[in-house]
Structure formats: structure tokens, C-alpha cells
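Some notes on the structure that comes next.
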Amino acid sequence: MLRDDTAHEERIGSRDLASWTTPVGRAVARAGVAVGHGALRLGAWSAANVVLLLTALVGGLVVVGLTSVSAEVYESVIEADGLAGLDRPVLDAAVGWRSPGLDHAITLYTDVGGPIGMPVLATLATILMVWRWRSRTPLVLMLIAAAGSLAMTVTGKELIGRARPPRSLAVPPFESSPSFPSGHTLNATVLTGIAVYLVLRRLDRKRARTATILAGVAFVVSMGLSRVFLGHHWLTDVVAGWLLGLAWVAVVVTAHRLYLTVRRVEPDRPGPLDARAARSRTQSVD
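Right, dumping it as C-alpha cells:
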């Protein structure tokens, strides 16, 4: 039987995940609590879950909608200004660094973040966390994260339809799908980001948390740069993957924190929420 989050898992170090310290955060928390109160008629257990799923859905629509803004980046590529002006020089530099042995090694590495490698890796990590912690949270968050990541990748490629770098500058095997955004980079950012978030809640030592964050950052950054090195993506594709991925990670983490917040102010048993109890329990978000 899988359990829900324990009190220990509601924190990262000394930081209470159900405590909102900024004005914007408190406003978001109040809105989540209000939605949770409205959902109480569905049952005390389900109110927090309604908030989790609703936040993920609304946030997902917003983040997927951001892919339409990527058209402006594409225009920047055409005009060769701003960040996009680095695309060709960076690729040319990568070509100069190549060697048969290095090309082979990085090809093997980039396959880890591919359409087969990354789902397998994420699935194994999720199974390990669920089995080790006997918790349903890794499964729920990873499924939400993966669904949003896939939606952003597909939508971005369909909207932009950007061509990949010339095959004469790429290392085989070649890829034919649209180049923008980098799916390897976006998926690695999302799934690694959520995995890091889940693990941080279980680590008591600051040094261990720091090492976990650095390892996650190193994997995500190196995965993105491997795509540029091999000539499978332009630098702009990779930067878009990082930014969109981080935006979706923020949405999923916020949804989970709202889940914890609403669950904390829910009544202990099904039934109407006592107004005085609700006021005393929601002081942390006021």
C-alpha cells in the first residue's frame, strides 16, 4: 500500500514547502486553499488532489502556450541577431573540436536523453523511489511532468517547424524531426528537475542537497550541449529546451506545494470545514 507524503517530506531542509514567504506566493496559496475549500464537497481526501491536478492543468496550458512565443525566437534566427546570432559560430566551434572517439562517446551519452533512454531512465528512477519510500508522490509527479514535457515538445516542433543544422555539419545517426525546441534538452530538464526535487525532500544534510542539485544541473547542461556538439540542434533550440523545461518544473513543484498546503488545512474527517479551524490553519499563507 503506497502512502502519502509524511510530515518529514513536506520540507526541504528547514524550508516548509507549505509555507509561502512572498506576496505572490501567498496570493497563489490563498487561491489554492479557496479552490480546495470549494472541492470539499467531493470529499476531504480529494480536495488537495483537485488542487494539484487543476494547478498542473492550468499551468500546463500556460507553459504550452509559451511555445507560440518561440516564433519570435525563430524570427531572431532569421535576422541573425541576439542569442540566435551565436548559433552558427557555436556549431562551427563544435565541429572544430570533434574527433572520432569523442564523437562516439558523446553520441552514446546523448542517447541517454533520447526518446528511449530518458523514459527508461525516468521510469527506473520512479520505480526505485516508489519502492524505496513506499510513496505515491514520485509516481504522480513524474507522470504529470512527463505529460507536460511531451506536450511542449510536440507543440513547439509543430508550431515552429525549424530545420536542423545541415547534415554536412552533423554526426550520424541523423534526425529528421523539427529542430526547435530540443526534445532531449527539454525532457532531461523536466524529468531531472522533478527527480531532484523529490530527492531533496529526503535529504537532511545541506551538503548532500547541494551535491544533488549540482549533479542534476551538470546532467541537464551537458545533455543540452551534447546536442549542439553533435550538430543535431542549434544553440537556440537547446536554450529554449532549458527555459521551457524549467518553467514546467516550476509549475509542477508549485502544484505539489499547493497540494501540501490544501491538505494541511483540510478537516481530519469528511464533512464541512469548521470556519475557525480553517482560519487558524491558513495563517501560514496569510
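Using my numbering, read the sequence shown as starting at -6 and increasing by one per residue.
Here a beta-carbon is modelled for each residue, glycine too, at the ideal position from N, C-alpha and C.
Residue pairing by DSSP places Arg198 opposite no residue, since no beta bridge is assigned to it. Rounded to the nearest whole angstrom, the C-alpha separation of Gly154 and Leu228 is 16 angstroms. Around the beta-carbon of Met216, 16 or more other beta-carbon atoms lie within 10 Å, marking it buried. Comparing C-alpha distances from His1 to each of Arg195, Arg19, Arg129 shows the shortest one belongs to Arg195. Assigned with DSSP and collapsed to three states, Arg4 falls in strand.
Here DSSP, grouped into helix, strand and coil, assigns Arg91 to coil.
Less than 9 angstroms divides the Cβ of Thr60 from the Cβ of Gly149. Cα atoms of Gly209 and Val258: separation of roughly 33 angstroms, rounded to the nearest angstrom.
Rounded to the nearest whole angstrom, the CA to CA distance from Ala204 to Phe212 is 12 angstroms.
One alpha carbon belongs to His97, the other to Leu162, and they sit about 15 angstroms apart. Residue environment: Trp235 is assigned as buried (16 or more neighbouring CB atoms within 10 Å of its CB, all protein chains considered). The C-alpha of Gly224 lies about 6 angstroms from the C-alpha of Val164.
In the DSSP annotation of this structure, the continuous segment of the alpha helix (DSSP H) that includes His177 starts and ends at 176 to 193.
Under the DSSP definition of a beta bridge, Asp9 partners with Arg4. Rounded to whole angstroms, the gap between the alpha carbons of Thr15 and Ala233 is 27 angstroms. Between Leu179 and Thr48, the CB-CB gap reaches or exceeds 9 angstroms. Rounded to the nearest angstrom, the gap between the Cα atoms of Val189 and Ile206 is 7 angstroms. Between the stretch 7 to 23 and the stretch 128 to 143, the count of Cβ pairs shorter than 8 angstroms is below three; the stretches do not touch.
In this structure, the alpha-carbon of Gly186 lies about 24 angstroms from that of Pro171.
Inter-residue distance for Thr(-1) and Val43 is about 19 angstroms (C-alpha atoms, whole angstroms). Ser142 carries a helical assignment under DSSP once its states are collapsed to helix, strand and coil. Ala115 and Met135 do touch by the CB rule: their CB atoms are close to 6 angstroms apart, below 8 angstroms. When DSSP reads this structure, Arg125 sits in no beta bridge, so it has no partner. Judged by beta-carbon spacing, Ser175 lies within the 9 angstroms limit of Asp230, meaning their Cβ atoms are closer than that value. Each residue's CA atom was taken as its position, placing Val123 and Pro166 some 35 angstroms apart. In the DSSP assignment, Arg(-4) forms a beta bridge with Ser128. A direct Cα-Cα distance of roughly 24 angstroms separates Leu95 from Val113.
Taking all protein chains in view, the Cβ of Glu3 is crowded by 16 or more other Cβ atoms within 10 Å, so the residue is classified as buried.
In the structure shown, Ser169 adopts coil according to DSSP, grouped into three states. Between Arg125 and Asp80, the alpha-carbon positions lie close to 43 angstroms from each other.
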